[in-house]
Amino acid sequence: MDQGFFLLFATVSVITALTMVLARNPVHSALALMACFLQVSAIFVLLEAPLLAVIQIFVYVGAIMVLFLFVIMMIDVREAVLQRFLPGGNLPALVLLVLLGIEMLVLVLWSDRFSVMEPVTIGGGDDVRQLGTALFADYLLPFETASVILLAALVGAIMLARKEQ
């Protein structure tokens with residue numbers, strides 16, 4: 001039963017992620033991203049991590065999506081639609097995307113960190129403390145990488161919303 005729900009949520013998550021990338025309207029992309037975040041939070045519930053599911057909903061669906069929608073509303077969407085990408089600029093980006101995907105698959109398949117292992121069980125009322133310790137001790141690099149990516153997105157949103165002199 002749990003595997004069926006996981007496959008359902010994972011499939012819908014992938015579909016909404018593709019919809020977000022392929023949608024022409026930025027508001028539709030933002031709504032698809034919100035649906036994808038909700039599917040990921042449902043997967044966290046299936047993994048018996050309700051704290052992460054609530055954090056996913058509050059932080060990403062609540063705060064980040066509001067920020068994205070404000071930025072979308074601040075820029076002139078009709079003017080942005082008229083500005084197209086440079087002709088021929090898609091091929092190098094596609095080649096880079098394929099190379100990065102192959103590199104990611106090779107690294108995941110050769111890594112020992114992704115082997116099958118027992119899930120970590122957290123007992124007692126010390127869940128948040130152990131989560132914080134694991135986040136800032138074992139997973140500090142991915143946490144900081146996500147912070148830098150969000151900062152770059154915020155700076156990019158400010159640059160897009162700024163009026164030209």
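The opening position of the sequence shown corresponds to residue 1 in full-length UniProt numbering, with each subsequent residue numbered one higher.
From the three backbone atoms N, C-alpha and C, an ideal C-beta is built for every residue, glycine too.
{"Asked": "Same chain, Cβ closer than 8 Å to R162, neighbours up to 5 away in sequence not counted", "Found": "none"}
{"Asked": "For R129, three-class secondary structure by DSSP", "Found": "helix"}
{"Asked": "Three-state class that DSSP yields for E103 in the structure shown", "Found": "helix"}
{"Asked": "Close beta carbons around A17, own chain, < 6 Å, minus the five adjacent residues each side", "Found": "C36"}
{"Asked": "Alpha-carbon spacing of I72 relative to S29, whole angstroms", "Found": "10 Å"}
{"Asked": "Per-residue DSSP class, three states only, for L47", "Found": "coil"}
{"Asked": "Meets three-Cβ-pair contact criterion under 8 Å: the region 49-57 and the region 90-110", "Found": "no"}
{"Asked": "Spatial distance of V70 from F143 (CA atoms)", "Found": "The residue asked about is misnamed: residue 70 is Phe in this sequence, not Val. The alpha-carbon atoms of F70 and F143 are separated by roughly 25 Å."}
{"Asked": "Through-space distance from L107 to D2, alpha-carbon basis", "Found": "29 Å"}
{"Asked": "Secondary structure of Y139, DSSP reduced to three states", "Found": "coil"}
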